[in-house]
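*Asks:*
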Amino acid sequence: MKLYIKYMVSLRCKMMVEEELKKLGVRYGVVDLGMVETPEDLTPAQRQQLKENLLRSGLELLDDTKSILIEKIKNVITELIHYSDELPKVNYSDYISEKLDYDYTYLSNIFSEVKGITIQQFIIIHKIERVKELLLYNDLNLTEIAYKMHYSSVAHLSNQFKKITGLSPTFYKQLKEKRKSNLENM
Numbered sequence: 001m002k003l004y005i006k007y008m009v010s011l012r013c014k015m016m017v018e019e020e021l022k023k024l025g026v027r028y029g030v031v032d033l034g035m036v037e038t039p040e041d042l043t044p045a046q047r048q049q050l051k052e053n054l055l056r057s058g059l060e061l062l063d064d065t066k067s068i069l070i071e072k073i074k075n076v077i078t079e080l081i082h083y084s085d086e087l088p089k090v091n092y093s094d095y096i097s098e099k100l101d102y103d104y105t106y107l108s109n110i111f112s113e114v115k116g117i118t119i120q121q122f123i124i125i126h127k128i129e130r131v132k133e134l135l136l137y138n139d140l141n142l143t144e145i146a147y148k149m150h151y152s153s154v155a156h157l158s159n160q161f162k163k164i165t166g167l168s169p170t171f172y173k174q175l176k177e178k179r180k181s182n183l184e185n186m
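In UniProt numbering, the protein residues as written are 1 to 186.
Structure (C-alpha cells):
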C-alpha cells in the first residue's frame with residue numbers, strides 16, 4: 001500500500017517519517033518524494049495514530065486524491081529544480097506528465113483549482129528561489145546561472161527575477177552581501 005505524506009523533500013523530514021513508522025511498528029519500504037510504501041495496509045488505529053504523530057511534527061498524512069496529486073506535482077518540480085543538476089531536455093509540461101503518468105491538462109487544471117496558481121507560475125517561483133541560492137552560495141555569474149537554469153538569456157532571467165522579488169539579481173546579491181558584512185562587523 002502507498003501512503004502519501006506532505007513534507008518537504010529533505011533528509012530530515014524523511015528521517016522523521018521513518019521514525020514515526022518505526023514507533024508504530026509499521027514495516028515500510030521506500031520513503032521518497034512524499035510517498036511511503038508499506039507491504040500491508042495499516043489498521044484504522046495505526047493510520048489515525050500515524051496521522052496524529054505526523055501532525056505534531058509538522059507533517060501531514062494525505063487522504064484525498066487531489067491533495068495527493070498536488071503534492072506529487074510539487075515534489076516533482078521541487079526535486080527537479082532544487083536537487084537536480086540537469087534540467088530536463090523536454091519542456092516542463094511533458095516532463096511532469098511523463099513522470100506522473102497523467103495528461104498535463106488534467107494535472108494543470110487540478111493544480112490551478114486547488115493552489116490558485118498555475119503549474120508554470122509555481123515553476124517560475126521555484127526557479128527564482130534556486131537562482132537566489134545560486135547567487136548567494138555559488139561561484140557562478142549571472143550568465144552561467146541563466147544557462148544552468150535554462151533561461152533564454154540573462155535579460156529574461158533578470159526580468160523574471162525582478163517581477164517576482166522586486167529587485168534585480170545584482171542588487172539582491174549586493175544587498176545580501178551587505179547584510180552579511182554588517183553581521184560580521186557586529
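Here a beta-carbon is modelled for each residue, glycine too, at the ideal position from N, C-alpha and C.
Looking at the strands, I want to know which residues DSSP matches up with M15.
*Replies:* Within the sequence shown, the letter at position 15 stands for residue 15. Bridge partners of M15: none, in fact.
*Asks:* Report yes if the CB atom of I128 is closer than 8 Å to the CB atom of Q160, and no otherwise.
*Replies:* Here residue 128 refers to the residue found at position 128 when the sequence shown is read from its first residue. Here residue 160 refers to the residue found at position 160 when the sequence shown is read from its first residue. Contact flag set, yes.
*Asks:* Under a Cβ-count criterion, where at least 16 other Cβ atoms within 10 Å of its own Cβ denotes burial, should L55 be classed as buried or exposed?
*Replies:* As a first step, residue 55 is located in the sequence shown; it is residue number 55 there, counting from the start. Result: exposed.
*Asks:* Count the other CB atoms within 10 Å of the CB of T105; is the residue buried (16 or more) or exposed (fewer)?
*Replies:* The residue labelled residue 105 in the question sits at position 105 within the sequence shown. The residue in question, T105, is exposed, as its Cβ has fewer than 16 Cβ neighbours within 10 Å.
*Asks:* Nearest to I164 by CA position, among T43, I125, A45, E40, is which residue?
*Replies:* Within the sequence shown, numbered from 1, the residue matching residue 164 stands at position 164. Ranking T43, I125, A45, E40 by Cα distance to I164 puts I125 first.
*Asks:* Would you call the CB atoms of S168 and S158 closer than 8 Å?
*Replies:* Within the sequence shown, the letter at position 168 stands for residue 168. Within the sequence shown, the letter at position 158 stands for residue 158. A contact, by the Cβ cut-off of 8 Å.
*Asks:* Answer with buried or exposed for F111, where buried requires no fewer than 16 other C-beta atoms within 10 angstroms of its C-beta.
*Replies:* Along the sequence shown, read from residue 1 onward, the residue named residue 111 stands at position 111. By the neighbour-count rule (16 or more Cβ atoms within 10 Å), F111 is buried.
*Asks:* Rounded to whole angstroms, how far is the Cβ of L50 from the Cβ of L69, which I believe are closer than 8 Å?
*Replies:* On the sequence shown, residue 50 is found 50 positions in, with the first residue counted as 1. On the sequence shown, residue 69 is found 69 positions in, with the first residue counted as 1. Not quite, the Cβ-Cβ distance comes to about 21 Å (not below 8 Å), so this is no contact.
*Asks:* Where does T143 sit, in a helix, a strand or coil, going by DSSP?
*Replies:* On the sequence shown, residue 143 is found 143 positions in, with the first residue counted as 1. Note: T143 maps to helix in three-state DSSP.
*Asks:* May I have a chain-ordered list of the beta strand (DSSP E) segments no shorter than 3 residues that lie completely inside the segment 43 to 106?
*Replies:* 60 to 62, all fully within the segment 43 to 106.
*Asks:* Taking 8 Å as the cut-off, does the segment 80 to 99 touch the segment 114 to 125 (at least 3 CB pairs, one atom from each stretch)?
*Replies:* Contact between the segment 114 to 125 and the segment 80 to 99 is present, because at least three Cβ pairs lie under 8 Å.
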